[in-house]
Amino acid sequence: MTLTTRKRCLLSTLALLTFFSIVSAHEQSSDHYTMPKDVLSNGGDKSKSSHYQMVATVGQHATRKGTANGNVLYSGFDAPRSTRSPKPNSACGGVTEGLVACYPFDGDAKDGSGNGNHGTEHGGLNYATGKIGQAAQFDGIDAYIQITPKSDVSKIGDFTIVTWVFLEDWKKQNPDRQYIFDGHSHSNTTTGDIYRPGFNLIYDRRGTSEEIHNSIMYDHTSRFSEQNTQVSIGKSWHQLLYMRKGKEDFTYFNGELLSATSSLKDPLNMNHNWFIGTFSGNNPHYSQFNYSFFGLIDDLRIYNRALSES
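In this text, residue positions in the sequence shown follow our numbering: the first is 16, and each later residue adds one.
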């Protein structure tokens with residue numbers, strides 16, 4: 016698998032075309048909306064025509080009424096709500112099909128996917144020159160980002176998480192575990208109730224060995240699968256990709272497949288807090304071990320599907 020590093024296109028932009036697949040307006044679901052008269056074909060109003068993109072064909076109830084700002088106006092158009100899709104931030108271009116969250120970290124922790132899964136900064140978090148534009152800079156002490164997802168992530172099956180990472184240094188403790196992304200815990204809970212369904216990305220050091228440690232937690236207890244792969248991390252930018260496809264997990268490091276293992280296909284209810292740069296929001300109830308990341312994280316993306324090879 017070859018992952019392109021030019022600009023922010025992680026995979027072939029041809030895959031983007033599937034995001035704009037035509038959905039017939041008469042294919043109704045249990046959740047509908049009816050566009051009022053004189054609305055734009057993109058689902059927004061005349062003053063906000065760039066906020067949404069039209070991904071459904073015109074139904075039989077629609078009446079063409081001219082254009083405004085390059086968008087066709089219709090009257091009485093009825094379509095499933097799912098066809099009204101947010102338009103991603105330009106910094107989150109490339110492959111957008113199945114994009115749940117995208118963090119360019121260009122001066123803030125906002126989600127550029129259009130889904131509203133914005134992050135909240137904590138501790139000594141800063142922004143510095145990154146792999147592409149700016150990156151989030153973590154101090155290895157108390158800096159982290161907390162995300163409370165706004166979109167429905169209650170039944171995550173296949174998934175992909177991909178990001179650029181620069182490790183500044185290991186901390187004095189050995190072994191040292193530094194969390195890049197934690198989507199399998201909860202904050203401000205006791206040790207016995209710390210885990211949640213989800214997945215993570217971790218850099219580990221054990222003695223002189225450096226490793227990528229990824230895992231999936233399937234429930235609140237101890238049902239999980241994991242991958243530990245030795246790599247040479249050093250003081251350099253690396254692209255990490257972890258994904259689940261069916262009953263297999265895959266870890267890629269700079270576009271090279273490192274590990275493929277069997278896992279469960281259980282859906283993950285990830286309607287809980289996520290963390291970037293630490294474990295469980297530096298939860299004091301869990302451990303005195305410092306899981307905080309020391310370095311830079313850039314262009315972190317989460318998809319609710321496994322990305323195809325290209």
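Backbone N, C-alpha and C define an ideal beta-carbon position, used for all residues, glycine too.
- In this structure, threonine 175 places its C-beta atom within 8 Å of the C-beta atom of arginine 320.
- Distance from the Cα of glutamine 161 is smallest, within the candidate group Gly108, Tyr218, Gly261, Asp197, for Asp197.
- Taken atom to atom, the span from the alpha-carbon of aspartate 167 to that of asparagine 130 is near 10 Å.
- Unbroken beta strand (DSSP E) stretches of 3 residues or longer found wholly inside the stretch 126 to 205: 134 to 137, 141 to 144, 149 to 154, 159 to 162, 174 to 182, 191 to 197, given in chain order.
- When rounded, the separation of the alpha-carbon atoms in aspartate 173 and isoleucine 217 is 20 Å.
- Taking the Cα positions, valine 246 is about 6 Å away from glutamate 225.
- Residue pairing by DSSP puts histidine 228 in a beta bridge opposite Ile217, Asn243.
- Looking at the DSSP output, threonine 276 sits in a beta bridge with Asp264.
- Using a Cβ distance threshold of 8 Å, glycine 213 and leucine 315 do not count as a contacting pair.
- In the three-state reduction of the DSSP assignment, alanine 116 falls in the strand class.
- With contacts defined by Cβ atoms closer than 8 Å, glycine 122 and glutamine 152 do not form a contacting pair.
- In this structure, glycine 145 and leucine 256 do not form a Cβ contact; the two beta carbons are roughly 17 Å apart against a cut-off of 8 Å.
- Within the same chain, Met258, Ala275 come within 6 Å of phenylalanine 265 by CB-CB distance, once the 5 residues on both sides are set aside.
- Out of Gly292, Cys107, Cys117, His133, the CA that lies nearest to the CA of asparagine 215 is found in Gly292.
- Under DSSP, tyrosine 257 forms a beta bridge with Ile176, Thr266.
- Looking at the backbone, the Cα of glutamine 254 and that of isoleucine 317 are separated by about 14 Å.
- Within its own chain, the residues whose Cβ lies closer than 6 Å to the Cβ of aspartate 281, once the five positions on either side in sequence are excluded, are Tyr233, listed in chain order.
- Taking threonine 163 as the centre and dropping the five residues before and after it, the same chain places the C-beta of Asn288 closer than 7 Å to its C-beta, in chain order.
- Comparing alpha-carbon positions, the option among Asp126, Leu273, Gly155 lying closest to valine 115 turns out to be Asp126.
- Per DSSP, glycine 310 is one residue of the beta strand (DSSP E) stretching across 309 to 318.
- Rounded to whole angstroms, threonine 178 and serine 169 show a C-alpha spacing of 23 Å.
- Bounds of the beta strand (DSSP E) holding phenylalanine 290 are 289 to 291.
- Minimum Cα-Cα distance from isoleucine 156 among the listed residues Phe120, Lys186, Ser323, Phe181 corresponds to Lys186.
- The Cβ-Cβ distance between serine 307 and tyrosine 159 falls below 8 Å.
- Rounded to the nearest angstrom, the gap between the Cα atoms of alanine 106 and tyrosine 118 is 9 Å.
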